[in-house]
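Remarks on the structure that follows.
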Amino acid sequence: MAQVQVELRNVTKRFHTKTLGDIVAVDNFNFEVYEGECFSILGPSGCGKTTCLRMIAGFEDLTEGEIYLSGRPVSSSRAHIYVPPEERDLGMVFQAFAVWPHMNVFENVAFPLRIRKVPKAEIEQRVKAALHHTSLTGLENAYPSDLSGGQQQRIALARAIVTNPKVMLLDEPLSNLDPHLRETMRFELKELQQKFGFTIIFVTHDQSEAMALSDRMLVADMGKIMQIDTPENLYNKPVNRFVHSFLGESTFLKVIIRDGKVYAEGDLEHPLAVTPPPNAEPEMILATRPNQIQLTGEEGYETKIQTRIFLTDRTEYVVPVGNQFLKVQTPHRITFREGDPCKVQIIDPMWYPVEDDDAEKERQRRQLI
Amino acid sequence: MPYVRFENISFAYGEKQVLKNFSLSLEKNEIMCLVGPSGCGKTTLVRCLLGLNRPAEGEIFVGDTCVFSSKRRINVPPERRGIGIVFQDYAVWPHLTVKENIAYPLRKRGLSKDEIQRRVESVLELVSMRDYINHLPNQLSGGQQQRVAIARALMTSDDLIVMDEPITNLDAKLREQMLFEIRQLQRNLGTTIFYITHDQKAALHLGDQIAIMDPHGGLVQVGSDEDFILRPKNRFVFEFIGVTNFLTLKPVNSSYSLDVGSQLIPWPEKLPDVLKNGRAIDVGVRPNDIVFDASSPIRGIVRRSVFLGSEYEYFVQLGDKELRVQLGTLEAAQSGHVKEGSEVGLRFLNPHYYEAVREEAWK
Amino acid sequence: MIKLRRKTTDLAAVEGRRISLDGIMTALAFALLLVVVVIPISMIVYHAFLYKGKFSLDLIIDQFTRDTTISAMWNTIKIAVLVTVFGTIVGVFYAWLLGRTNIPGKKLMRFLFTIPYMFPPFLGAMAWDLLLNGRAGYLNRWLMKTFGLKSAPLNINSIWGIVFVELSYYFPFVFMQVVSALERMDPTLEESARIAGARQGTVIRKITLPLVTPAISAGALLILISSLAHFGVPAILGFAQGIFTLPTRIYAVIARSGGSFEGIRQGAALSILLVLVVSIALWIQRRVLSSGGYDIIKGKSMRPTLINLRGARIPLFILALTNLVVIVLVPLIMIFLVGLVRAYGLPLVPANFTLANYKRIFAASGTIESIKNSLILSISAGVISMLLGTLVAYVVQKIKPKGTALLEIMSVLPYSIPGMVLAVGVILAWSGSLGINLYNTLWIILIAYVARYLSFSMKTSSAALLQVHPSLEEAARTCGATHTETLRDITLPLIRPAMISGFFLIFLPAMREVTTSVLLYGPYTRTLGVQIYALRDAGMMPQASALGSVAIVLIIVINSIVNALNKDRRGV
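Protein chains in written order, with the working numbering: chain A, 7 to 375; chain B, 3 to 365; chain C, 944 to 1515.
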């Protein structure tokens, strides 16, 4: 059984803002992160993920609850404990790297060791090792402003690992890099984690980044935890509409369920080829994704291809279903032309209640803070 | 009959020759997407069309009118060309309201106040910005400002509009939405749109016709999305669109073999005769055109597998090369998920063959 | 094709040469800069190095080797360096207090910082002189009485006195730069140090301070250059004791020779020396600034963590506030009080107060005239300077003709020329030697003002024009607007707010300045500053103070109007 490295219990953070009133940025967060895990906190801006990370780091104090690092309480509202960041023994990489421009690469990476009064020879050795692991050997005397974004990211990484922390915090670590570099850094991070065995908690709004890196993910919305699970489970079995649409391309169909058959709104004569869920309501939302729809089966809802676009790695079709539209993505080798008839089969859809979505307004309000 | 014609346009910035004998035609009522890497000259071409840059040579026609001709010394100033433009940074005037911004081209044409009001209201309706008619730009989001810019361009002309990277500054979800809206707008109005971008996805989504430029300002291919994906004209186009893997085939005796560093594997597919000239051949294949086939003699080892939601991405080591393989999650579910470290057989569907770029020394 | 409402020429118009708007603007820019900047400066060089048409170094050598000149030069440099060092320390201290700690009363202190910008340093010098004059200063007399001292303990008429007064007006330069850097600095730069294990004190020492060093240097150099060129404070505090700086020496040489040609030539020679000294400082500034600041400004808006002063909070607040009050408010209060007293030297008690001083100064025609002159000059200088500055900025940034570099140099040149020297140049140019004699008229002062404030207005307009992205103008062209219409409908409205605030930022200093007009005024063309100075020179302290009070009130009123106008302008 893996050890718990980071634990949050009933953590809540309230802010009082002048312009927008009281806001609960983080509402009763409870979760555990295990040793050696790569754990991400994912959500739109204003969902509380950054506040949560800053509380773990110690830059913000919580309003209620407790935070434990390796079993030791570092923040506790009840016991009035607040350990400042410099005593939490963490590694952290910030979104804009936060590499000090007035120090060269060596000095940047050596800084945490100097603070700890490590002897000079050991500093030299450990810094060189950290630079080696982040592919920065040879650049010891360069200054950050002479280096690229990717290299600056590596300096930040080297500086974070040089003290061998047990927990690494990453705040949107890859969003300031160009797409190609993002992928490279992703792999290097994973490799570093496997080599050193530290626990990673990182925060991002980019679901593809989170899915590619994480062992488990926490999806947050408006200060609340929506779901904690592996990327596959979150993608395939999202617990609500928000998580479904946040984790990838989604299509939501309003459907009418009658006599055990499912009809798309606008076409009550021809049922869709799906089984209604248990406890079905008369009206529900059927949730699916473009790659979860088959067009070449023998059974299915009959309709015609309305538009077709070739994308680089798939073909995208739009087909009318009832008075709505479905986006379907297939490999190139499956070819229909516009106007061709096809049979639509939706594989393993998710079902959600029909709801009024005032939530979007609240999400936008939170983004302003 | 082409609506917009560029003929033999040449343009240089000081020493640097950006466009040379460039020719392109746009059909009426279509969206033409001009794609190319940054700095290839797309924006320069657009500025020549608008009259903001003056080509050294060539002719430009819009409809029946010649707006520029170096031979005949014609150069219609920008204010008389009647072409709407949507810039990358929206260029919505911050000191004027939405209504004043959009009404400006109409004021310049001397339309009556009532007529202006009517047209402004109707175009705002079209871009779903009716409620913001008296707002100032700093009260609008990026997407809303972009819609104002589009509305203003439509007031200059609903015959021809140029859009230069209009959605690059918007976030991902908004970009999708704007692409859809632009497409809808064009369908409703029939406007000819010249859309410039480096974003292939936008081009594939929008373009009735797509034109690709190479980094040196040359026009490489013009065609539909299907043409580009299924029938790329040359290696540049093939590599430019999407991700590609490249392998090298070496001639061995009378046939070709795949060189993976440690061994040579006979190549099972048929090769085009024109390339069988005794020199090495580069094979390009897209990640989604590689499948796992246990019976294939070409064996690799899965080094990494990444779950991306709608597909799995595998990094497979083949000799000294690393290949990217993409498998849709549906297919992966059917064929079974492949674990990291396992050996797999690889089959290449739809390979593209090109003359080798580098002559490698081989035994 | 769109049809415009006015008649259009045939679309297939043949390209011909036309007089373009661009061409006119460029020619105008060159011509105006020639008149305003190049000619006066060339005249100084000409007269310093040529005598009766022949090149001669005699004048230069004679002037440079005099004892008075050498001591003036050393005084200038000594004072400037001291002001810079201490001004920087004070500025950084306050910047750190207000930018990084939880000290109370930040709004109040920030407000107090804006006051030195409003008032001319020479008024402060006057006030401190009234307080700490070696013989009759009020504070000195009180100290002598209270502590039974035989002689005045503090003497403001000294190098240190000059340093103190200049410092109290110049330290905000450093404060502004540093507090802005501190507030805009990316807080994650300090947060990453804390995560690395550093405590607050270490973070300040090793991270915060080094990163704001460029801002400190920028502010410090600004102080250095301003002090080197400054006239008012050394004039008021130094003359009596024979302490001269180069600017006051130039004035003395010209004024005492009764405006004779020989005197002016000597002034020209000394001007060369002063420009040399300032150029060295400017060269240092260029070197320091080009070695680059650090890119430390944050993207997202995040609040930096404030340092909790805990126990030191209130004591530091009291110290800081008291300091500010002494430096900023005490002089102003002194001026008011002495303006009310019946005769200088009498104790400042209500029994001795009278409004007679005010009555007298307003009865004298000279007062009203000087206020009128200053208003006319400031408004005209503000308008002309802004227009000229905008014209040049537009030509340099948007038109970019051949010779753009030359235009830029010409427009920035006056910045490196002290106001005193510009005045000399203007005298040499426009007192008849070139056929036009403007001496003793308001025009000569106006030309000097325009030259002096030109580089400032050009910088303001340049900054405003930079904000007008080319695509905004190009969009107008494609919408059917001609070049002229684009300027009128788009460019000008967008830079108008900046131009208006730029106008006020010229108008205010011009209202209260004395350095330039003190050499150029004639019997009927006194400015407000000159009038105050003249009254004091004649020994009429209470009246000088009364007029000084009037000036202060006038400035406060104008400032309030400006601030009120600023508040309800449409945001750009």
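Using N, Cα and C, we set each Cβ at its ideal position, and we do this for glycine too.
query: Which residues, in order along the stretch 1410-1443 of chain C, keep a beta-carbon less than 8 Å from a beta-carbon of chain B?
result: 1412, 1414, 1415, 1417, 1418, 1419, 1420, 1421, 1422, 1423, 1424, 1425, 1428, 1432, 1433, 1436, 1437
message: On the criterion of 16 or more Cβ atoms from any shown chain inside 10 Å, does residue 74 of chain B qualify as buried, or is it exposed?
response: exposed
task: Indicate whether at least one CB of chain C lies closer than 8 Å to the CB of residue 111 of chain B.
output: yes
- prompt: Does any C-beta atom of chain C lie closer than 8 Å to the C-beta of residue 26 of chain A?
  reply: no
- prompt: Taking Cβ positions only, does residue 158 of chain B come closer than 8 Å to chain C?
  reply: yes
query: Between residue 1168 of chain C and residue 1225 of chain C, is the Cβ-Cβ spacing less than 8 Å?
result: yes
- request: Return the first residue and the last residue of the beta strand (DSSP E) that residue 260 of chain A is part of.
  value: 257-264 is the extent of the beta strand (DSSP E) around residue 260 of chain A.
field: Contacting residues, own chain, Cβ-Cβ under 7 Å from residue 1221 of chain C (five flanking each side not counted)
entry: 1168, 1171, 1172, 1359, 1361
query: What residues in the stretch 131-155 of chain B bring their beta carbon closer than 9 Å to a beta carbon of chain C?
result: Answer set for the stretch 131-155 of chain B: 138, 140, 151, 154, 155.
query: Taking 8 Å as the CB-CB cut-off, is residue 85 of chain B touching chain C?
result: Residue 85 of chain B counts as touching chain C.
field: chain C contact residues for residue 228 of chain A, given Cβ-Cβ distances below 9 Å
entry: Within 9 Å Cβ-Cβ: nothing; residue 228 of chain A doesn't reach chain C, min ~20 Å.
query: Do the CB positions of residue 174 of chain B and residue 94 of chain B come within less than 8 Å of each other?
result: no
task: Could you name the residues of the same chain whose beta carbon sits closer than 8 Å to that of residue 132 of chain A, not counting the 5 residues immediately before and after it, in chain order?
output: 119, 124, 168
query: Can you tell me the Cα-Cα spacing of residue 187 of chain A and residue 1335 of chain C, whole angstroms?
result: For residue 187 of chain A and residue 1335 of chain C, the distance between alpha carbons rounds to 44 Å.
message: Going by DSSP, what residue range makes up the alpha helix (DSSP H) through residue 127 of chain A?
response: 126-139
query: Could you give the distance in angstroms between the alpha-carbon of residue 284 of chain A and the alpha-carbon of residue 293 of chain A?
result: Going from the Cα of residue 284 of chain A to the Cα of residue 293 of chain A covers about 16 Å.
message: Excluding the 5 residues flanking residue 261 of chain B on each side, which residues of the same chain have their C-beta closer than 6 Å to its C-beta?
response: 250, 252
- request: For residue 365 of chain B, name the three-state secondary structure that DSSP assigns.
  value: Unreliable positioning characterises residue 365 of chain B in this predicted model, as indicated by a pLDDT of 30, which lies under 50. The coordinate reading is nonetheless provided below. Residue state, collapsed to three classes: coil.
message: Between C/1381, C/1215, C/1118, C/1468, which has its C-alpha nearest residue 1158 of chain C's C-alpha?
response: C/1118
- request: Check whether the Cβ of residue 279 of chain B lies closer than 8 Å to any Cβ atom in chain A.
  value: no
- request: At 3 residues or longer, and completely inside the stretch 1405-1462 of chain C: list those beta strand (DSSP E) runs for me, N to C.
  value: none
- prompt: How many Å lie between residue 1390 of chain C and residue 1205 of chain C at the Cα?
  reply: One C-alpha to the other measures close to 23 Å.
field: Whole-angstrom distance between residue 130 of chain B and residue 122 of chain B, CA atom to CA atom
entry: 12 Å
- request: Let me know the beta strand (DSSP E) ranges lying completely inside the stretch 31-88 of chain B, each 3 residues or longer, listed in chain order.
  value: 33-37, 59-64, 67-71, 86-88
- prompt: So the beta strand (DSSP E) residue 357 of chain A belongs to, where does it begin and stop?
  reply: 356-359
message: I'd like to know if residue 106 of chain B contacts chain C, where contact means its C-beta is closer than 8 Å to some C-beta of that chain.
response: It does; some Cβ of chain C falls within 8 Å.
task: Work out the CA separation of residue 47 of chain B and residue 313 of chain A for me, nearest whole Å.
output: 31 Å
message: Bridge partners for residue 354 of chain B per DSSP, in chain order?
response: B/286.
- prompt: How many angstroms separate the CA atom of residue 292 of chain B from the CA atom of residue 319 of chain A?
  reply: 11 Å
message: Rounding to the nearest angstrom, what Cα-Cα distance links residue 294 of chain B and residue 117 of chain A in this structure?
response: 49 Å
- prompt: Where do the N-terminal and C-terminal ends of the beta strand (DSSP E) with residue 216 of chain B fall, by residue?
  reply: Run containing residue 216 of chain B: none; DSSP gives neither H nor E here.
query: Got a sec, what are the start and stop residues for the alpha helix (DSSP H) residue 156 of chain A sits in?
result: 155-167
query: Along the stretch 282-302 of chain A, what residues have a CB closer than 9 Å to any CB found in chain C?
result: Within the stretch 282-302 of chain A, no residue qualifies.
- prompt: Counting contacts by CB-CB distance shorter than 8 Å, is residue 308 of chain B in contact with chain A?
  reply: yes
message: Within 10 Å of its beta-carbon, does residue 92 of chain A have 16 or more other beta-carbons around it, so buried, or fewer, so exposed?
response: Buried, by the Cβ-count rule.
query: How would you list, in chain order, the residues of chain A whose beta-carbon sits under 7 Å from the beta-carbon of residue 1135 of chain C?
result: 98, 100, 104, listed in chain order.
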